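Residues 17 to 62 (the working numbering) are what the sequence shown spells out, left to right.
Backbone N, C-alpha and C fix where the C-beta goes; we use that ideal spot for every residue, glycine too.
In this text, all values refer to a predicted model and were calculated from it rather than measured experimentally.
Worksheet for the structure shown next.
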Amino acid sequence: MTLTLTDVTLTYPDGDGRLTALDRVALDVPAGTLTAVVGPSGSGKS
Numbered sequence: 017m018t019l020t021l022t023d024v025t026l027t028y029p030d031g032d033g034r035l036t037a038l039d040r041v042a043l044d045v046p047a048g049t050l051t052a053v054v055g056p057s058g059s060g061k062s
């Protein structure tokens with residue numbers, strides 16, 4: 017089994033506009049692999 021993400025976009029409100037955190041991301045995570053999302057505190061990992 018594989019987790020597949022295709023064409024994922026994520027935006028947040030930013031004042032009068034929007035901040036794009038992810039822009040058309042594609043990702044495959046095969047079963048049995050360890051995958052982590054890392055970044056500074058407050059960067060939108062969750």
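Bridge partners - residue i, DSSP secondary structure assignment
i, result
"Arg-40", "None, per the DSSP bridge assignment."
"Asp-30", "Gly-33"
Backbone CA spacing between residue i and residue j [nearest angstrom]
i, j, result
"Pro-29", "Leu-38", "13 angstroms"
"Thr-20", "Val-41", "11 angstroms"
"Pro-56", "Val-24", "21 angstroms"
"Arg-34", "Ser-59", "15 angstroms"
Own chain, CB closer than 8 angstroms to residue i, minus 5 neighbours either side, in chain order
i, result
"Lys-61", "Val-53, Val-54, Gly-55"
"Thr-22", "Ala-42"
Cβ shell of residue i (< 6 angstroms), same chain only, five flanking positions each side left out
i, result
"Met-17", "Ala-47"
"Asp-44", "Thr-18, Thr-20"
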